[in-house]
């Protein structure tokens with residue numbers, strides 16, 4: 334066979350060792366490091382191999398020299414070619430490599446692991462092979478190395494507390510596990526407290542709480558009230574009231590613990606359960622004599638809630654009360670405030686006896702009110718049902734008289750009530766009272782009674798004209814003894830009206846300046 338025929342044969346697709354090119358990198362040198370003497374005789378050194386990989390002698394007997402030739406192959410990197418070196422063969426190594434090329438390719442292809450996917454990039458040329466997957470793997474390894482280093486530094490290297498707090502403030506990754514000693518944890522907590530940032534403080538407080546003894550945690554928190562407040566708020570938002578109450582007690586704050594227990598008792602929606610919880614809280618948390626005032630408030634709250642439930646049970650299906658029919662209830666009275674309850678009772682149970690749960694006077698005696706709260710609530714509640722109490726009628730709420738003991742007429746509103754008027758003037762803002770009564774549709778004669786309580790005649794006259802109260806204007810001009818102004822104002826009063834007749838009689842009988 335000529336040289337050209339030999340190259341054409343080994344270059345054909347049937348005999349070219351493609352598996353070898355696909356398996357090894359293009360910059361590889363393949364050499365055989367075995368000993369040829371033990372397998373090849375002098376007569377068989379140049380003997381060709383048959384298709385099964387065995388060398389064939391001249392006599393046709395197979396020689397087992399080619400069966401394990403790949404067992405002694407090693408790879409060496411070169412820059413320009415892949416060479417199979419068989420030591421001991423000298424110049425015949427190139428010929429032998431061509432002879433065993435196909436067998437080596439098949440053997441190496443069977444060895445190739447499933448994960449190997451390196452392909453020969455023919456566009457780079459056979460002289461400059463390129464491994465795309467190797468470059469990608471190198472980049473991935475480099476990234477994993479950096480992540481491992483950062484992870485190690487994050488959990489094993491202790492940064493200064495200020496740096497860690499800054500990371501918390503900026504929302505950057507941080508770790509508190511590296512602060513193991515008690516001094517480091519305190520330094521971290523104090524650094525967070527200096528920033529006055531709630532998130533940073535809470536993070537450091539929780540880290541300390543989870544990593545130190547409870548007694549030591551309580552001791553350190555006693556010296557840091559701002560951190561204590563944030564921690565209690567955190568527990569309340571998570572509805573851990575029991576833990577928060579116990580924490581405050583251990584801090585030596587029984588008053589705060591009692592108030593928090595009272596707040597927790599009010600979280601229930603059912604009024605019966607709420608009353609039960611408040612009684613239990615009163616027995617467990619308000620036993621300290623220093624909390625007597627707070628205990629009194631809790632008791633009043635219990636009494637009020639029980640009264641509200643009784644009123645609601647009575648009024649729910651009451652068809653005999655005309656006020657409930659004329660002015661239907663807008664909402665349930667249960668669990669409302671004390672002033673709202675008094676307002677409700679003034680609307681629907683004004684004339685009820687004191688033994689009735691909804692009696693305003695009974696409510697007034699059972700709970701603590703200021704004079705301002707009582708008078709102002711009565712005025713607004715009665716005005717809501719178109720009843721406008723007079724000043725002497727309000728006197729029964731400031732003294733010891735009964736509710737029905739001072740119901741007088743408009744003409745005798747001030748008779749024997751000088752003290753009540755004085756108290757009323759010092760208790761309520763009369764100008765605001767006049768405005769409220771006028772907005773509710775009070776008649777002019779009621780407005781005139783309250784206008785007369787204003788000391789400033791100019792203010793009285795201005796308000797009377799503003800609310801079109803003719804009687805108030807006439808009284809103001811009579812007080813000023815201004816005859817001309819009264820005569821001029823009579824043209825705005827309807828002739829024959831009670832106000833007109835009053836002004837006419839005043840002009841005839843009063844002594845005027847001019």
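Numbering (the working numbering), first residue to last: 334 to 847.
Yeah, the Cβ is synthetic: ideal placement off N, Cα and C, and Gly gets one too.
Over what stretch of residues does the alpha helix (DSSP H) that includes residue i continue unbroken?
i	result
residue 641	625-648
residue 709	704-717
residue 493	Note, residue 493: premise wrong, no alpha helix (DSSP H); not H, not E.
residue 528	515-528
residue 813	803-813
residue 766	763-772
residue 785	That residue, residue 785, is in no alpha helix (DSSP H); it is neither H nor E in DSSP.
residue 511	That residue, residue 511, is in no alpha helix (DSSP H); it is neither H nor E in DSSP.
residue 677	671-681
residue 542	531-544
residue 605	604-618
residue 819	816-822
residue 794	790-799
residue 838	831-842
residue 698	693-699
residue 595	587-598
residue 653	Residue 653 -> no alpha helix (DSSP H), and no H or E assigned at all.
Can you give the beta carbon distance from residue i to residue j, rounded, assuming they're within the 8 Å contact cut?
i	j	result
residue 715	residue 678	Not really, about 11 Å apart at Cβ, beyond 8 Å.
residue 804	residue 832	5 Å
residue 796	residue 767	6 Å
residue 648	residue 681	7 Å
residue 525	residue 498	5 Å
residue 565	residue 581	7 Å
residue 769	residue 712	7 Å
residue 761	residue 705	7 Å
residue 810	residue 800	At roughly 16 Å, the Cβ-Cβ gap does not stay under 8 Å, so residue 810 and residue 800 are not in contact.
residue 551	residue 583	5 Å
residue 637	residue 700	7 Å
residue 790	residue 813	6 Å
residue 608	residue 635	6 Å
residue 553	residue 541	7 Å
residue 545	residue 518	7 Å
In or out: residue i buried (at least 16 other Cβ within 10 Å) or exposed?
i	result
residue 467	exposed
residue 611	buried
residue 585	exposed
residue 480	exposed
residue 476	exposed
residue 653	exposed
residue 561	buried
residue 808	buried
residue 641	buried
residue 529	exposed
residue 536	buried
residue 842	exposed
residue 494	buried
residue 658	exposed
residue 834	exposed
residue 614	buried
residue 724	buried
residue 602	exposed
residue 693	buried
residue 728	buried
residue 660	exposed
residue 703	exposed
residue 691	buried
residue 626	exposed
residue 600	exposed
At the 8 Å Cβ level, is residue i part of the contact set with chain B, yes or no?
i	result
residue 512	Annotation note: the requested chain B is absent from the structure, which comprises a single protein chain.
Legend entry - Contiguous alpha helix (DSSP H) assignments of at least 4 residues, all confined to the region 550-582: 558-570
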